[in-house]
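Notes follow once the structure below has been shown.
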Amino acid sequence: MPWRHCGSSYKSLRYGGLPGSGPHAILRRMDLRRTSWKTLAMLLLSASGTVLAQPSTDSPTLQYDRYNTAQLEAVCEATPPNAYASGMTDGAWFSFPGAGRTYYYRSACYMELVRRTGRADLCPKVIERRSLWGDGSSHSPQRCQDVAKAYQARQKQDALDLASYAQSVAGAFKITGFKVTPLPNHNWRLEVRTEGTRAGNYVLEVKQIRDNKVLHRDTRALSQPQTWAWELERASVLGTTPLPNIFPMAVSMTFQVPANGSRPAGEHITVIQNFTLSAE
1 MPWRHCGSSY
11 KSLRYGGLPG
21 SGPHAILRRM
31 DLRRTSWKTL
41 AMLLLSASGT
51 VLAQPSTDSP
61 TLQYDRYNTA
71 QLEAVCEATP
81 PNAYASGMTD
91 GAWFSFPGAG
101 RTYYYRSACY
111 MELVRRTGRA
121 DLCPKVIERR
131 SLWGDGSSHS
141 PQRCQDVAKA
151 YQARQKQDAL
161 DLASYAQSVA
171 GAFKITGFKV
181 TPLPNHNWRL
191 EVRTEGTRAG
201 NYVLEVKQIR
211 DNKVLHRDTR
221 ALSQPQTWAW
231 ELERASVLGT
241 TPLPNIFPMA
251 VSMTFQVPAN
261 GSRPAGEHIT
271 VIQNFTLSAE
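Put into structure tokens, the structure is as follows:
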């Protein structure tokens, strides 16, 4: 057998002895593998559709505070149902691949409306978007129901707190009579008549409105109607103001509400009465 034939057989055996298994074929397969990965990456990015075509920052769906509740519902209805944010553009996707949020903008709009109103009847309009590129569970019918229940629970608790507070200040003392008398020394005598049934500590305060200056403050424990009287000095009212002048004034009474359970102590203004002092 000629040597050239053996060389040919050796060459064929070295590269597998199969058609298309020579050095050039191997290089071609390597090129195809690289090309396949590039193609796959492009297909995945293309499959995301409008991932890179996000609404601009002036989109109505991204500026909910511009609309009242009635207007926002109309905005939600007008939002295209297929527009969405992907996990590649919303959330820390580059730090945690696949951890970003994905959702339809229309669903996000309805979620905001439910946060404002607690309307669980809107939850069927919240559609969860499912994608390999992000988590859509934050905008789902179940999440919407949770938001609605939380809102309703807050409303119920607020109503209970309001009723409890109203009960805690019921019968608080108020100013029912007020009298100002000019004195010979050019000062003023102030008399305040109080009435009520809620025993506790009360603060009576006289303020010059123009300068927002407190001229008199008195704290007393009341359990029955009383008359408070004191002298208001002329110099404290006039200050450096040139005469003649008229000074708007106010007298107020505040009930110091004690703490009750989880509610901390607070203050409740029972009445504010305005009057004027004239200096000549």
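Under full-length UniProt numbering, the sequence shown has 194 at position 194, and the numbering climbs by one with no breaks. Glycine residues also receive a C-beta, built at the ideal position from the N, C-alpha and C atoms. Please read all numbers here as calculations on a predicted model, not as lab measurements.
Query, Result
"Do N274 and A235 count as a contact pair if the criterion is CB distance below 7 angstroms?", "no"
"At 4 residues or longer, what runs of the alpha helix (DSSP H) sit wholly inside the region 119-201?", "141-169"
"Please report the Cβ distance between I209 and P182, rounded to the nearest whole angstrom; I am assuming they are in contact, meaning their Cβ atoms lie under 8 angstroms.", "At roughly 20 angstroms, the Cβ-Cβ gap does not stay under 8 angstroms, so I209 and P182 are not in contact."
"Taking Y165 as the reference, which of P258, I175 and V206 has the closest Cα?", "P258"
"Hey, T240 and K174: beta-carbon distance below 7 angstroms or not?", "no"
"In this structure, how does DSSP classify Q224 when only helix, strand and coil are distinguished?", "coil"
"Nearest CA to the CA of N201: which residue from A221, T194 and N212?", "A221"
"Determine the extent of the alpha helix (DSSP H) in which S236 is found, giving its start and end residues.", "R234 to L238"
"So the candidates are Y105, V114 and F255; which of them puts its Cα closest to the Cα of A85?", "Y105"
"Tell me where the beta strand (DSSP E) around T117 begins and ends.", "Segment Y105 to T117 is the alpha helix (DSSP H) holding T117; no beta strand (DSSP E) there."
"Under the three-state reduction of DSSP, which class applies to Y67: helix, strand or coil?", "coil"
"Is there contact between the region 106-118 and the region 63-82, where contact requires at least three CB pairs shorter than 8 angstroms?", "yes"
"Using DSSP bridges, identify the partner residues of D218.", "L204"
"Straight-line CA distance for D218 to N185?", "23 angstroms"
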